[in-house]
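So the structure is just underneath, and the comments pick up after that.
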Amino acid sequence: MSGNEIAPTELEQQVLDEYTKLVGNLDNLASILGDLAEGSCPEMLDSLRVLERKTSTVFTLLKASVYSIVLQQGIYGEQGA
Numbered sequence: 563m564s565g566n567e568i569a570p571t572e573l574e575q576q577v578l579d580e581y582t583k584l585v586g587n588l589d590n591l592a593s594i595l596g597d598l599a600e601g602s603c604p605e606m607l608d609s610l611r612v613l614e615r616k617t618s619t620v621f622t623l624l625k626a627s628v629y630s631i632v633l634q635q636g637i638y639g640e641q642g643a
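If you're matching positions, the sequence shown starts at 563 in my numbering and goes up one per residue.
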C-alpha cells in the first residue's frame, strides 16, 4: 500500500471477501451454462422426457392420495350423521 491508502475496516473486508466468493460462483455458473449450451439437444430432450415421466407419476400419486383422503372423509362424515 502507498502512504495515502487506508486499510479497509473489518466489515469492508468481509464485504470484499463476499464479492470475491460471488465472482467465483458466477464464473462457475457461467462455465456450467456454457457446458449445457454445448450439449446436444437430443440428449437434453431425452433427459427432460425422463423428468417429465417422473413428475407425471408423482402428480398422479398425489391426486390419488388426495382423492382417497376426500373419499375417507366422506365415508366418516356419513357414519357420523
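Where a beta carbon is used, it is the ideal one built from N, C-alpha and C, also for glycine.
How long is the line joining the alpha carbons of residue i and residue j, rounded to whole angstroms?
i: Leu595; j: Tyr629; result: 41 Å
i: Gly642; j: Ser618; result: 36 Å
i: Gln634; j: Arg615; result: 29 Å
i: Ser593; j: Tyr638; result: 57 Å
i: Glu572; j: Thr582; result: 15 Å
i: Gln576; j: Leu591; result: 22 Å
i: Leu598; j: Leu584; result: 21 Å
i: Ser726; j: Leu610; result: Shown here, the chain extends from 563 to 643; a query on residue 726 therefore has no answer.
i: Glu574; j: Ile568; result: 12 Å
Residue i lies in the alpha helix (DSSP H); which residues open and close that run?
i: Glu605; result: Cys603 to Gly642
i: Ile594; result: Glu572 to Glu600
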